[in-house]
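Residue numbers (my numbering), protein chains in the order written: chain E, 1 to 112; chain L, 1001 to 1112. Presented below is the structure to which this report refers.
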Amino acid sequence: DSGVTQTPKHLITATGQRVTLRCSPRSGDLSVYWYQQSLDQGLQFLIQYYNGEERAKGNILERFSAQQFPDLHSELNLSSLELGDSALYFCASSTSGSYEQFFGPGTRLTVL
Amino acid sequence: GESVGLHLPTLSVQEGDNSIINCAYSNSASDYFIWYKQESGKGPQFIIDIRSNMDKRQGQRVTVLLNKTVKHLSLQIAATQPGDSAVYFCAENQNTGNQFYFGTGTSLTVIP
């Protein structure tokens, strides 16, 4: 158990819908990262937040957005969903000054 | 019908043998590398890291080798065990803060 929690574990929805994925980092970790893992793209970095502020942006679509709240939990919002958005979405956290990222168990999103 | 997906390199080894998993990274400016292990249904888990000023680093049963000349990383697992069966990813930090780029992964199967 990495100490990072993600909810829900599974999510099934339809095209055009909007969903919110939630992540709670390890206690004391200020950085949160979101990744997408799909069959044809591997593990792709989406975005990083540090203590509530956006720190780095990767291959995140405009239909996707994220935020980190004062209690350090983070949410990834995916809107206007397409079939190709079906993937595993992982959250990871790290402590200040460390590169090591601890990954949560992931949310499996299925868009029908 | 034909399935479409990321074709992971695969490696099958006998229990007790040593395993070597290779990774080519993309950016000569990358200064930090991590190997992750991902078991089925779980998030990636940190195994070992290495900085670009090192050629070799050893952990418990694992060794990482870095060849900067050819931009190549390898992970050696000694006395491979069935519990080592997983997908292994290398990740490189391209000197851009905490943003990591992941390789496509190698699927390791240990034959009892």
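Glycine residues also receive a C-beta, built at the ideal position from the N, C-alpha and C atoms. These figures come from a predicted structure and were not determined experimentally.
Min CB distance residue i to chain L below 8 Å
i	result
E/LEU72	no
E/TYR99	yes
E/GLY16	no
E/ALA56	yes
E/GLN48	yes
E/SER93	no
E/PRO25	no
E/GLY106	yes
E/PHE64	no
E/SER2	yes
Euclidean distance between Cα positions of residue i and residue j
i	j	result
E/THR110	L/SER1019	35 Å
E/LEU78	E/ARG18	6 Å
E/PHE45	L/PHE1100	7 Å
E/PRO120	E/ARG22	Since the first residue shown for chain E is 1 and the last is 112, residue 120 of chain E is missing from the structure and cannot be characterised.
E/GLY84	E/GLY16	12 Å
L/GLY1059	L/SER1107	21 Å
E/TYR35	E/LEU43	6 Å
L/SER1003	E/LEU39	Confidence at L/SER1003 is low in this model, with a pLDDT of 36, below 50, so its placement is unreliable and the value that follows should be read with caution. Straight-line Cα distance between these residues: approximately 10 Å.
E/SER1	L/ASN1067	It is worth fixing the name first, because residue 1 of chain E is Asp in this sequence and not Ser. Straight-line Cα distance between these residues: approximately 33 Å.
L/PRO1082	L/GLN1014	9 Å
E/PRO8	L/SER1040	18 Å
E/LEU76	L/SER1026	28 Å
E/LEU72	E/GLN48	12 Å
Short CB-CB distance (under 8 Å) between residue i and chain E
i	result
L/LYS1042	yes
L/GLY1105	yes
L/ASN1018	no
L/GLN1099	yes
L/GLU1002	Per-residue confidence for L/GLU1002 stands at a pLDDT of 39, beneath the threshold of 50, marking its modelled position as unreliable; the derived number appears in the next sentence. Not an interface residue.
L/ILE993	Nothing can be reported for residue 993 of chain L: it is not among the residues displayed for chain L, which extend from 1001 to 1112.
L/ASN1093	yes
Cβ pair residue i, residue j closer than 8 Å
i	j	result
L/LYS1056	L/LEU1065	yes
E/SER80	E/ARG108	no
E/PHE103	E/PHE90	yes
E/ALA87	E/GLN37	yes
L/ARG1061	L/ALA1086	no
L/TYR1036	L/ARG1051	no
L/LEU1008	L/THR1104	yes
E/TYR99	L/ILE1077	no
Coil, strand or helix - residue i by DSSP
i	result
L/VAL1108	For the record, residue 1108 of chain L in the displayed sequence is Leu; it is not Val. It is a strand residue.
L/ASP1049	strand
E/GLY84	helix
E/GLY42	strand
Partners in chain C for residue i, counting only beta-carbon separations shorter than 9 Å
i	result
E/SER31	Absent here is chain C; the protein component of the structure consists of chains E and L.
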